[in-house]
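> The following block contains the structure, expressed as structure tokens.
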Amino acid sequence: MRQHDLSSPRRPRRRLGSAAVIGALSAAVLSGCASGELRGGASTGWLPPAVTEGGKTVTTLWVGAWIAALAVGAIVWGLIGWCVVAYRRRKDDNELPVQLRYNIPIEILYTVVPIFMVIVLFYYTARDESALVDTKKDPDVTINVIGKQWSWDFNYLDDDVHEVGTQAILTGEPGASATVPTMYLPVNERVEFVLTARDVNHSFWVPAFLQKMDLIPGRVNRFQVVPTQEGTFRGKCAELCGAYHSHMLFNVKVVARAEYQQHIDELRAKGQTGLLNNSLNREQLMDDQISNENIDGGKG
Ligand SMILES: [Cu+2]
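The working numbering applies: residue 16 is where the sequence shown begins, and numbers increase by one.
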């Protein structure tokens, strides 16, 4: 009776344990499926579908690397399985098999094969990366993107107009994307981003472009994209830059040339002409403010 009492609670506990694991796994998989505005399937290696020429290059490299890794994995798993089955311990077989060591051909094989694999992966990565950051081609549109704590300014260099961004107001209610700056890009035209920062390091990231680059004070970084699909895409800062880093959001609207031109004309009509200063020093502003406060304090 006592024995029974001790052993009986074990089984349900084990069942509960496996149910919890399955539950946690399915929750992780399902929540992964539910997040993200653009969802890719197996054909893109579950990356968001590419909406730029460069994005297609990234997707091909990503999927190719997975295929190569899975092919190597299949060979390794196959060899492990074969060893386990072919060299399993048989009945009445109590002796150790012949021990093999210092086998020169095998050692050369498992040195040369991984080096070859690294060379192949490195070659394709270096080739695609240099294409993605290549700025030798003449762009159709050049936009200076300025990162600032905690928003973005856009200087449309060819048209001499600008957009000023303010920090997103995140209340948990929908509609926050209407409060953040929007950058317009003409579809199927080469755009160059000239990236600068006024205060600290930021990172310009449009997830749908599958490409991002840092904005560093005192440095000018550039990259080019050719958007191939019209639509509105989300952008964000991808470098922790201070308290409201997560509020540093923007929109990118890829539109037809006529609509792009219309937006530029609207900015001009609103008086947003000229280019915003890149070298604004916030610390100077703060010093001025502090000295003003001191003067006011002295008066009071
Ligand atoms: Cu930032």
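Even for Gly, the Cβ is constructed at its ideal location relative to N, Cα and C.
What does the alpha-carbon distance come out to for the pair L291 and G162?
Numbered from 1 along the sequence shown, position 276 holds the residue referred to as residue 291. Numbered from 1 along the sequence shown, position 147 holds the residue referred to as residue 162. Distance between the alpha carbons of L291 and G162: 12 angstroms.
> Contact defined as beta carbons within less than 8 angstroms: I believe L230 pairs with N216. What is the distance between those atoms, to the nearest angstrom?
Translated into positions along the sequence shown, residue 230 becomes position 215. Translated into positions along the sequence shown, residue 216 becomes position 201. Right, the Cβ-Cβ distance comes to about 7 angstroms (below 8 angstroms), so this counts as a contact.
> Confirm the yes/no value for this check: CB of M132, any heavy atom of ligand 1, distance under 7 angstroms.
Position 117 of the sequence shown holds residue 132. Flag unset: Cβ of M132 not near ligand 1.
> For E245 versus V269, is the C-beta distance shorter than 8 angstroms?
Residue 245 sits at position 230 when you count from the first residue of the sequence shown. Residue 269 sits at position 254 when you count from the first residue of the sequence shown. The answer is yes: Cβ separation under 8 angstroms.
> Would you please state the rounded distance, in angstroms, between the beta carbons of D316 and T157? I believe it to be under 8 angstroms.
Nothing in the structure corresponds to residue 316, since the chain is present only between 16 and 315.
> Would you mind working out which of R283, R54, G56 and G55 sits nearest N170, comparing C-alpha positions?
Taking the sequence shown and counting its residues from 1, one reaches residue 170 at position 155. When only C-alpha atoms are compared, the closest one is R283.
> Counting C-beta neighbours from all protein chains within 10 Å, is the total for S46 16 or more, i.e. buried, or is it exposed?
Position 31 of the sequence shown, counted from the start, is the residue given in the question as residue 46. Residue placement at S46 cannot be trusted, given a pLDDT of 44 that sits under 50; what the coordinates show is reported in the next sentence. With fewer than 16 Cβ atoms within 10 Å of its Cβ, S46 is classed as exposed.
> Name the DSSP beta bridge partners of W345, please?
Nothing can be reported for residue 345, as the shown portion of the chain is limited to 16 through 315.
> Is any heavy atom in ligand 1 found nearer than 7 angstroms to the beta carbon of G250?
Working through the sequence shown from its first residue, we reach residue 250 at position 235. Look at G250: its beta carbon is at least 7 angstroms from all of the heavy atoms in ligand 1.
> When you compare each of T186, L185, V160 and E68 to E178 by their alpha carbons, which one comes out closest?
Translated into the one-based positions of the sequence shown, residue 178 becomes position 163. Checked all of T186, L185, V160 and E68; the closest Cα to E178 is V160.
> Counting along the chain, where does the beta strand (DSSP E) carrying L210 start and finish?
If you number the sequence shown from 1, residue 210 lands on position 195. Looking at the DSSP string, the run of the beta strand (DSSP E) that includes L210 is V206 to A212.
> For the putative contact between A80 and L136, defined by C-beta atoms under 8 angstroms, what is the C-beta separation to the nearest angstrom?
In the sequence shown, residue 80 corresponds to position 65, counting from 1. In the sequence shown, residue 136 corresponds to position 121, counting from 1. With a Cβ gap of about 6 angstroms, A80 and L136 count as contacting.
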